[in-house]
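Student: Under our numbering, the first residue of the sequence shown carries the number 78, and numbering increases by one thereafter.
What follows is a structure written as structure tokens; I'll ask about it next.
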Amino acid sequence: MKQVEVYFDYLCPYCYEGHKNLKELLPHHPDAAVVWMPCEAHPRPEQSKIYSDVAIMGMYFLRDNGGDVDRYNDLVYAAHFEKGLRIDDLEVLSAIAEKCGADPSAFREAVSNGRYAEAVLDGNRRAWGEKGWEAVPSYSGGGKDIGSRGGILVPKKELDRFLSEL
């Protein structure tokens, strides 16, 4: 199985489009396994109306506790972009996590206690520091990288070629 790291932020409209593109392409690349690498495009204390750190911590909880991370990602994006819900609201995220196989009480406790706060910071350092991405979504795998830049999403055709060359 070939792995592709997907760097993304739940609040990024380009990431939402990139997520949909990736989901459409993956059935054509059954040997590609996704490793979700969340990061914040606008981390605290940067001024923002909403932050994605709570949703990211939730993703880490699901990953560590056998929840359905793929479904969580789909539902978090839908909550924000389609339903206009606040994905920094622990009750909204707990309901999503429950649909993905998580115990909502354990989820709330872990996220509200900041159990994954350091993982969020590590994700930011990895994306913006180590990888030096200009923007997200960006992808890494097979010793190659392809990233969004200059306000332009990685085109679906280029992403398909990248997945083929993993």
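A virtual CB, placed ideally from N, CA and C, is assigned to each residue, including glycine.
Which stretch, first to last residue, makes up the beta strand (DSSP E) that contains residue 136?
Tutor: Run containing residue 136: none in the beta strand (DSSP E); it sits in the alpha helix (DSSP H), 130 to 141.
Student: Out of curiosity, what's the CA-to-CA distance linking residue 221 and residue 114?
Tutor: Cα-Cα distance, rounded: 16 angstroms.
Student: On the DSSP letters alone, give me the boundaries of the alpha helix (DSSP H) that residue 115 sits inside.
Tutor: Looking at the DSSP string, residue 115 is not in any alpha helix (DSSP H); the run it does join, the beta strand (DSSP E), is 109 to 115.
Student: The beta strand (DSSP E) that contains residue 83, what's its start and end?
Tutor: Counting along the chain, the beta strand (DSSP E) containing residue 83 begins and ends at 79 to 85.
Student: I need the boundaries of the beta strand (DSSP E) containing residue 224, first residue and last residue.
Tutor: That run of the beta strand (DSSP E) goes 221 to 224.
Student: Excluding the 5 residues flanking residue 210 on each side, which residues of the same chain have their C-beta closer than 7 angstroms to its C-beta?
Tutor: Around residue 210: 84, 204, 224.
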